[in-house]
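Novice: Here you go, one structure.
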Amino acid sequence: MHDIWNPWHGCIKCSEGCENCYMYYLDGLRNRDGREIYRTKQGFRYPLSKNRDGSYKVKSGEMLRVCMTSDFFLEEADLWRHEAWEIIRMRPDVKFFLLTKRPERVQDCLPPTWGDGWENVMLNVTCENQRRADERIPILLKLPFRHKGIMCAPFIGKISVRSYLQTGMIEQVLCDGENYNGTRPCNFDWVKSLHDECERYNITFVFCGTGRRFIKDGKLYAIEDSTVQSEQAQRSGVSFKGNPINFKLTNIFGDPIPDSELYVPYFGEKCGRCGMQLICNGCSKCGKCG
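One point on numbering: in my numbering, the residue at position 46 of the sequence shown is 27, and numbering is uninterrupted.
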């Protein structure tokens, strides 16, 4: 996927949301151990990779989701993180979506020039249930980031984040069900409750997918296909676009980039049925849909 940057791979499970980790499952299919943590070779400098004409492959205004097969603040990645920060600093025209279950490590892992935060970086904490929400979100709120969000995935228990939304510091809330071995069900009542809280404060809410086991109106559904999971999430109509998130992107010299020069996502026919559309870079035109 053209919106993912994995500078390292592998992770150490740290909470109940990790129990059925998709990365561990997929690594197992390749006879790999998900606990094996390594710096990626070809992917590490992906944001700086260029086309033959010298232009960046990742365009100005795109968003990269970082470490989707690891955790950006994983202790075992401390040796490589300073290089990743430098790459992020060199692309102030690109938005970087960081996701962590380890917010308690973040403050000590920031680069020396961080200050009050970089305009092109959003930090999101994973909250799979109320216990983890109440543990991680208060830490997030104290951290020096200009953009902050919450990811409820895998969504395995009812969560209320109203008190945190009231601070005005949270710009988006995402949620998704669980997949692969041992899937725990996601309940639509939980999803709807989160939506209602976000709508009240005009904060973007995205229901990304139902997961393989989904409860609606008291009935348990088995939804094995990930595409169908995303489509069902979109059809539910609960995703909500709230206040715009204003990333003040610049070139390397600090000059603002006009909107006319920023990447405009292309969405094909299938994209309109996808639950991720509100937060996606759009279709990469790889040809697979054809």
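By construction, the Cβ of each residue, glycine as well, lies at the ideal position given by its N, Cα and C atoms.
In whole angstroms, what separates the C-alpha of H128 from that of G96?
Specialist: Within the sequence shown, the letter at position 147 stands for residue 128. Within the sequence shown, the letter at position 115 stands for residue 96. The straight-line gap from Cα to Cα measures roughly 14 Å.
Novice: Relative to the alpha-carbon of G98, which residue among L122, C2, N160 and V209 has its alpha-carbon at the smallest distance?
Specialist: What you label residue 98 is simply residue 117 of the sequence shown in a count that begins at 1. Here the closest residue by C-alpha is L122.
Novice: Span of the beta strand (DSSP E) holding G9?
Specialist: One-based indexing of the sequence shown puts residue 9 at position 28. That residue, G9, is in no beta strand (DSSP E); its alpha helix (DSSP H) goes Y3 to L10.
Novice: Restricting to runs no shorter than 3 residues, where is the beta strand (DSSP E) found entirely within the stretch 123 to 159?
Specialist: Listed in chain order, the complete beta strand (DSSP E) runs (minimum 3 residues) inside the stretch 123 to 159 are 128 to 133 and 153 to 157.
Novice: Thinking C-alpha only, which one of P166, R46, P(-12) and V39 is nearest G199?
Specialist: Taking the first residue of the sequence shown as 1, we reach residue 199 at position 218. Of P166, R46, P(-12) and V39, the residue nearest in Cα terms is P166.
Novice: Judging by CA-CA distance, which residue of P84, E43, Y27 and P93 is the nearest neighbour of C261?
Specialist: For this step, residue 261 is matched to residue 280 along the sequence shown. For the residues P84, E43, Y27 and P93, the minimum Cα distance to C261 belongs to E43.
Novice: Given this structure, state the Cα-to-Cα distance separating K266 from Q258, to the nearest angstrom.
Specialist: For this step, residue 266 is matched to residue 285 along the sequence shown. For this step, residue 258 is matched to residue 277 along the sequence shown. Each residue's Cα considered, the two are about 15 Å apart.
Novice: What would DSSP say about R165, mapped onto helix, strand or coil?
Specialist: The sequence position of residue 165 within the sequence shown is 184, counting from 1. Three-state result, R165: coil.
Novice: Name the one or two DSSP bridge partners that Y244 has.
Specialist: Here the question's residue 244 lines up with position 263 in the sequence shown. Paired residues: none, contrary to the question.
Novice: Just to confirm before moving on: does the CB-CB distance between N(-9) and C2 stay below 8 Å?
Specialist: As a first step, residue -9 is located in the sequence shown; it is residue number 10 there, counting from the start. As a first step, residue 2 is located in the sequence shown; it is residue number 21 there, counting from the start. It is Gly, not Asn, that sits at residue -9 in the sequence shown. No, these two residues do not count as a Cβ contact at 8 Å.
Novice: Would you kindly report the start and end of the unbroken alpha helix (DSSP H) that includes R62?
Specialist: For the purposes of this step, residue 62 is taken as residue 81 along the sequence shown, with counting starting at 1. Looking at the DSSP string, the run of the alpha helix (DSSP H) that includes R62 is D59 to M71.
Novice: Since G35 and N(-13) should fall inside the 8 Å C-beta cutoff, what is the C-beta to C-beta distance between them, to a whole number of angstroms?
Specialist: Here residue 35 refers to the residue found at position 54 when the sequence shown is read from its first residue. Here residue -13 refers to the residue found at position 6 when the sequence shown is read from its first residue. About 25 Å separates the two Cβ atoms, so there is no contact after all.
Novice: Would DSSP call R216 helix, strand or coil?
Specialist: The sequence position of residue 216 within the sequence shown is 235, counting from 1. In this structure, R216 counts as helix in the three-state DSSP scheme.
Novice: I believe G130 touches D157 by the beta-carbon criterion, under 8 Å. Please report the beta-carbon distance rounded to the nearest angstrom.
Specialist: In the sequence shown, the residue the question calls residue 130 occupies position 149. In the sequence shown, the residue the question calls residue 157 occupies position 176. So it is not a contact: roughly 13 Å between Cβ atoms.
Novice: Below 8 Å between beta carbons: does that hold for C255 and S207?
Specialist: The residue labelled residue 255 in the question sits at position 274 within the sequence shown. The residue labelled residue 207 in the question sits at position 226 within the sequence shown. No, they are not a contact pair.
Novice: If we count the other Cβ atoms within 10 Å of its Cβ and call it buried at 16 or more, is D8 buried or exposed?
Specialist: What you label residue 8 is simply residue 27 of the sequence shown in a count that begins at 1. With 16 or more Cβ atoms within 10 Å of its Cβ, D8 is classed as buried.
Novice: Can you tell which of G(-2), I(-15) and I(-7) has the C-alpha that lies nearest to the C-alpha of I137?
Specialist: The residue labelled residue 137 in the question sits at position 156 within the sequence shown. When each option's Cα is compared against that of I137, the closest is G(-2).
Novice: May I ask you to report which of helix, strand or coil DSSP gives R254?
Specialist: Sequence index remark: in the sequence shown, residue 254 carries index 273 (1-based). R254: helix per DSSP, three-state reduction.
Novice: Run the CB neighbour count on C48, radius 10 Å, all protein chains shown included, and call it buried at 16 or more, exposed below.
Specialist: By 1-based counting over the sequence shown, the position of residue 48 is 67. C48 comes out buried.
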